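This report concerns only the one structure given below.
2 protein chains.
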Amino acid sequence: MTDSPEDRLTRQFAFLTEADRLKTVLRGTTITDGARRENSGEHSWHLALYALALAGEAPEGVSIDRVIRMLLIHDLVEIDVGDVPIHSQGGQAHGSAAIQAAEAAAAARIFGLLPEDQGAPLLALWHEFEANESPDAVFAKSLDRVQPVLQNIAAGGGTWTEYQVTWPQLEARVGVKIARGLPRVWDWVRARARPFFD
Amino acid sequence: MTDSPEDRLTRQFAFLTEADRLKTVLRGTTITDGARRENSGEHSWHLALYALALAGEAPEGVSIDRVIRMLLIHDLVEIDVGDVPIHSQGGQAHGSAAIQAAEAAAAARIFGLLPEDQGAPLLALWHEFEANESPDAVFAKSLDRVQPVLQNIAAGGGTWTEYQVTWPQLEARVGVKIARGLPRVWDWVRARARPFFD
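Structure below.
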């Protein structure tokens, strides 16, 4: 709180330079041309665009600008923990207690690089996203779930084959969660994803 | 305007899938580990984080949420036109009339994929960014100019050598523009960039 203006800039740039590392974390999904894995930095950008384009699907009371901020920071913990694909290890790894604890420690470290008055609210915003209870978080999480499905559709099935995903698994691991925040979107996506599992 | 809800989703997803292509547009700057060129999708994400972290440097009246939206969409035209590095062709290519016209056509095409009531305001926001006159646009443009300098500092000089950039060129092409929207930031960055040109 008592940082000099120059100290504040030094901390802000330390955070921004550290954030750059998210561009080297690779996800389970490819970019739509199928040529390479998507990284979590560009994924976060794409999700923020999803929030903009699908703003009309948000329930009354959701703040799209707040959702965008959430999505911009939601994956920074992967700098320390890596991405855990939802279909990896038979769908068991994602959201385990060990990974949740590691992600919470990563969030404290990374947002702690910023001046305290900036890092603390961003850390709280990250925890809100993870808790998936507030309307903003539910909407943001649903976008995070639907984007990889669209990527796989655009890439002609993408990495579903590699992870040997079945249709019931996709419905259970992904569809239910998308439908929670984006019911009409899941109807649209479902009809276009289903044929890849025939 | 009379699109059905399903037609709207179809257009929104056409836009979002097209936007994915920005992840394949490579810039003149590397990521901070120097291992590869940065793409314009992850760059746009990084800039939105810059807006969040450096919000305190914005003059009174700037809307950070609006700046973030601007930065999220500012490079989409590169899907059609490609990135034009500021130091390429001796600093002459960037901002030429031919490129400006091509970018405006690209903006009309890409934002035109969305339903009209969403595409038109985003197109206007893109033009506002390009005009670099409103306080939001000046702040956003300054962030767009300062991030590559930080990337090059972090990468030990980065691509300045490759483009044979001199210190007076960096001051003229980049420093003046950063100083316009982020005077205190330019002081901080200048002191850390200068040694690479000794």
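First to last, the sequence lines map onto chains A and B. Read in this note's numbering, the first sequence has 24 at position 13, and its numbers run on one by one without any break. Read in this note's numbering, the second sequence has 125 at position 114, and its numbers run on one by one without any break. We put the beta carbon where it would ideally sit given N, CA and C, even for glycine. Predicted model only: the values in this text are computed from it and were never measured.
With contacts defined by Cβ atoms closer than 8 Å, L83(A) and S55(A) form a contacting pair. For R195(A), there is no enclosing beta strand (DSSP E); the residue is found in the alpha helix (DSSP H) stretching over 194-204. Among the CB atoms of chain B, one or more fall inside 8 Å of the CB of S55(A).
Secondary structure within the segment 54-142 of chain A: the alpha helix (DSSP H) runs of 4 or more consecutive residues, fully enclosed, are 75-84, 89-92, 108-122, 127-142 (chain order). Using a Cβ-Cβ cut-off of 8 Å, Y174(A) does not count as an interface residue toward chain B, since no Cβ of chain B sits closer than that to its own.
Interface flag for T40(B) against chain A is unset, since no Cβ pair is found closer than 8 Å. When Cβ-Cβ separations below 8 Å define contact, I79(B) makes contact with chain A.
Look at the segment 183-200 of chain B: the residues with a C-beta under 7 Å from a C-beta of chain A are R195, V196, W199. For F207(A), no chain B residue has a C-beta closer than 9 Å to its own C-beta; the minimum C-beta separation is roughly 16 Å.
Taking each of D44(B), V157(B), D128(B) in turn and checking the Cα distance to V200(B), the smallest one comes out for V157(B).
Nearest neighbour of P206(B) by Cα position, chosen from V196(B), A190(B), G168(B), R191(B), turns out to be G168(B). Judged by their CB atoms, T43(A) and A166(A) are nearer to each other than the 8 Å cut-off. Within the same chain, and ignoring the five residues on either side of A142(B) in sequence, the residues whose Cβ sits closer than 8 Å to its Cβ are A148.
Counting the other CB atoms within 10 Å of its CB gives G106(B) a total below 16, which places it among the exposed residues. Taking 7 Å as the Cβ-Cβ cut-off, the segment 134-160 of chain A has no residue approaching chain B. Of all alpha-carbon atoms in I110(B), P16(B), G52(B), L20(B), the one lying nearest the alpha-carbon of R32(B) is that of G52(B). The Cβ-Cβ distance between L87(A) and I110(A) does not fall below 8 Å.
Contact between the segment 91-104 of chain B and the segment 62-79 of chain B is absent: fewer than 3 CB-CB pairs across the two stretches fall below 8 Å. With a threshold of 8 Å between beta carbons, F122(B) makes no contact with chain A.
Residues of chain B whose Cβ lies closer than 7 Å to the Cβ of Q23(A) are, in chain order, A64, L65. Interface residue (Cβ-Cβ distance to chain A less than 8 Å): P96(B) is not classified as such.
When the five nearest sequence neighbours on each side are left out, the beta carbons in the same chain lying within less than 6 Å of the beta carbon of I189(B) are those of S153, R156, V157, W197, in order along the chain.
Sequence-distant partners of P159(B) (beyond 5 residues in either direction) whose C-beta falls short of 6 Å from its own C-beta, in its chain, are T40.
Ranked by Cα distance from D91(A), the options A115(A), M81(A), D209(A), D76(A) are led by A115(A). For the segment 162-173 of chain B, the set of positions with a beta-carbon nearer than 8 Å to some beta-carbon of chain A reads Q162, A165 in chain order. Contact between the segment 169-188 of chain B and the segment 126-137 of chain B is absent: fewer than 3 CB-CB pairs across the two stretches fall below 8 Å. Counting along the chain, T41(A) sits inside no alpha helix (DSSP H); it lies in the beta strand (DSSP E) bounded by residues 37-41. The beta carbon of G72(B) sits no closer than 8 Å to any beta carbon of chain A.
Under a criterion of Cβ atoms nearer than 7 Å, the residues of chain B adjacent to D76(A) are, in order, D76.
The CB of A204(A) never comes closer than 8 Å to any CB in chain B; the least such distance is about 12 Å.
Using a CB distance cut-off of 8 Å, D18(B) does not count as an interface residue toward chain A.
Taking a contact as a CB-CB distance under 8 Å, the pair G192(B) and F140(B) does not count as one, their CB atoms being some 12 Å apart.
Contact check for E68(B) against R195(B) passes: the beta carbons are separated by less than 8 Å. Beta-bridge partners of N50(B) (DSSP): L37(B).
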